[in-house]
Structures are given as C-alpha cells and as structure tokens.
Amino acid sequence: MVCTNFAVGTIKPFNYLYNTICIYPFQMKNYFSLQVNPAKSKLLNDIGTTIEKYYPIGIDPDLPEYHQYPGYIKMGELMSENIANADNYQERWVSFTGQLEQQLNKTIIGTTYGFVPGFSADLILEKYEDESLIRIKKIAFAVSLIGPFFSICGIDETFIKEKDDEFMRSYYAINVVTISPYKEFEKDFNYLLNKIEEKYKDYQFVPFRTAMSYIKDFKTPKSIGEDATLYNVLFNYRFNHFTPYFSRGDFAYGYEQNNFNSVTLLPPPQNPAPNK
Numbered sequence: 003m004v005c006t007n008f009a010v011g012t013i014k015p016f017n018y019l020y021n022t023i024c025i026y027p028f029q030m031k032n033y034f035s036l037q038v039n040p041a042k043s044k045l046l047n048d049i050g051t052t053i054e055k056y057y058p059i060g061i062d063p064d065l066p067e068y069h070q071y072p073g074y075i076k077m078g079e080l081m082s083e084n085i086a087n088a089d090n091y092q093e094r095w096v097s098f099t100g101q102l103e104q105q106l107n108k109t110i111i112g113t114t115y116g117f118v119p120g121f122s123a124d125l126i127l128e129k130y131e132d133e134s135l136i137r138i139k140k141i142a143f144a145v146s147l148i149g150p151f152f153s154i155c156g157i158d159e160t161f162i163k164e165k166d167d168e169f170m171r172s173y174y175a176i177n178v179v180t181i182s183p184y185k186e187f188e189k190d191f192n193y194l195l196n197k198i199e200e201k202y203k204d205y206q207f208v209p210f211r212t213a214m215s216y217i218k219d220f221k222t223p224k225s226i227g228e229d230a231t232l233y234n235v236l237f238n239y240r241f242n243h244f245t246p247y248f249s250r251g252d253f254a255y256g257y258e259q260n261n262f263n264s265v266t267l268l269p270p271p272q273n274p275a276p277n278k
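Numbering-wise (our numbering), the sequence shown opens with residue 3 and increments by one.
If you want it as structure tokens, here you go:
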C-alpha cells in the first residue's frame, strides 16, 4: 500500500494499515515537538522532558558549551557507569541477553558499541551466505539509559560482497524494517517485548515511526545532517543511514498502548527562489 494521499498537517494512525507495507510521503519529515503538552501522550511528554534534561537545546555539538551542559555531563556519567564499567555492563545487560539467548536457543549479538545512550542487541533469526552476499533476518532491541524507554523492530539486511577482494569488503544495507509483531517476527518479537517489560518495570515502548522522528535544528555529536532523530537521542546511531520510507507490519502498532494522539508531518524547508 502506498501512503501518498495524506495531506500535510496532523494525522492520526489508521488501523486499516494493519499488515501492509507503507511507503512514507516522499521527502517529508515527521518532526517531534519538545514542548510538553497535556494533550499529548505520556510517552511523548516523557521523551520531551528527558531530552531537555540531558541535551543542550540550540547549541552546536562542536561548541564547548554543548559538552559543559550539566545534563550532558550526567549522561556521560551514566554511560561510564553502565557501559565502560565492565562489571556493571555484564551484570546489567550481558547477563540479561545471555538468559534470553538460552531461553530462545538462538544467537544474540551485543550491539552496544562505544558511548551511546542505550543498551542494545540483535536476536538472529536467519542467516544466509554465498559467494556474492550475506542476508540476515534479525530483531534489534534497545533499552535507554537516560529514560524509561525501549525499542524493538525486525530488520532484514544484506551485505553485497566485493568479488575477488583481498580485504573481503562488502556493502551493507538495511532493506526493510518490520515495526510490529508481524508474520515471521511475531513470536520472538512478542517474547522480547514481554521479557523487557518484565525486567524494566514501567519502561515504555517507543514505536519505530516515533523513534525515527526528527528534532528540528537539533544535533548530537554523531547524528547526521541538521536534525537528529529520537532514536539517536535515546538509544544509538544504527539507523543513521536508513531512510524509513519503507516499513512492514502494523502501521499503528504501539500507539494504542501509549495513548498516542497524533503525528505531525511537515514538508522539508523550501529553497529560496533564485534571483531573476
């Protein structure tokens, strides 16, 4: 299904998009508002409050003031405590993913790379490899260190191998993201959801469309372009090079449990007309 009939403005998720592939409107961005508003869901208000607590709004990350912001310093301390401290990292994350790996009898690969604002890992469902490519089907899940939020989504990715290359180079792409417990992802997606909610009490699921929302004119040290995404801010940078025009599954998944009210789609800034 091609979702190209939406007018620019505020829209609500549609249940009839269940179990479809949705193509987002071309060159349109979903922007997240940091303003706390009683009309918005608890999830959105909590995310906005968390961002303002830990990130210096309106300051370029290349400037010293960005890194001197008290909340940003506190976030660095949380990363050091939970990731750089090997014992804490083992106890607070690796032991959890190890238990999941045993219970599911499937491989889980840790993906908490460097200083990032969240724990993360991949549950491998399928892997195929031949002389030309590698194809992997997996579920990526992440838990934020700076607020009560978590993310789960299915990923189909490929690595196209460079033929006869002594360095064994390959070219990577995320082909499609499954945003709900859909088809071959359903059982393991729901299992991870239940186990994360069981361990991390009162943490809120962040729908993928919300996680890929941009914050206008707001950057983090590793985000790309002029606008960081919520996924950058809360979890990590794995989707920096993924354009979420194509997604698979229940388009409205996660909004009902979070009482999500609406999404605002805005067009990109228009280039000024050339001088005549």
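Glycine included, C-beta positions come from ideal geometry on N, C-alpha and C. This one's a predicted model, so the numbers in the text were calculated from it and none came from an experiment.
Check                                                                                                                                     : Outcome
Distance, Cα to Cα, M81 vs Q206?                                                                                                          : 20 Å
Can you round the beta-carbon distance between T180 and C155 to whole angstroms, since I take them to be within the 8 Å contact cut?      : 6 Å
In the DSSP assignment, what residue or residues form a beta bridge with I110?                                                            : L125
Among the candidates Q104, A86, E128 and V178, whose CA atom is the shortest distance from the CA of G120?                                : A86
Any beta-carbon of chain D closer than 8 Å to the one on L135?                                                                            : No chain D is present in this structure, which holds just one protein chain.
Given G50, which residues of its chain have a CB within under 6 Å of its CB, disregarding the five upstream and five downstream residues? : L36 and V38
Residues in its own chain within less than 7 Å of M77 by CB, not counting five upstream and five downstream?                              : Y56, P119 and I148
Got a sec? Which residues, its chain only, sit under 6 Å from E103 by beta carbon, not counting five neighbours each side?                : I110
Look at the alpha carbon of I162 and the alpha carbon of R171, and state the distance between them as a whole number of angstroms.        : 9 Å
Using the three-state DSSP reduction, which class does F161 fall into: helix, strand or coil?                                             : strand
Quick one: is A88 buried, meaning 16 or more other Cβ sit within 10 Å of its Cβ, or exposed?                                              : exposed
So for F117, helix, strand or coil by DSSP?                                                                                               : coil
Counting along the chain, where does the alpha helix (DSSP H) carrying G251 start and finish?                                             : Premise fails: G251 lies in the beta strand (DSSP E), F248 to G251, not in any alpha helix (DSSP H).
List, from N- to C-terminal side, the alpha helix (DSSP H) runs of 4 residues or more that fit wholly inside the segment 183 to 229.      : 188 to 201 and 210 to 213
Measure the alpha-carbon distance for S97 versus N90 and round it to whole angstroms.                                                     : 10 Å
Can you look up S82 in the DSSP assignment and give me helix, strand or coil?                                                             : helix
When the Cα of N188 is compared with those of Y71, L127 and W95, which residue comes out closest?                                         : In the sequence as presented, Asn is not what sits at residue 188; that position holds Glu. That would be L127, whose Cα lies nearest to the Cα of E188.
According to DSSP, which residues form a beta bridge with G156?                                                                           : I141 and T180
Per DSSP, S97 forms a beta bridge with which residues?                                                                                    : Its beta-bridge partners do not exist; DSSP assigns none.
If you draw a straight line from the alpha carbon of K218 to that of G60, how long is it in whole angstroms?                              : 10 Å
Going by Cα to Cα distance, which pick from L45, A41 and P40 is closest to T212?                                                          : L45
According to DSSP, Y57 sits in a beta bridge with which residue or residues?                                                              : Its beta-bridge partners do not exist; DSSP assigns none.
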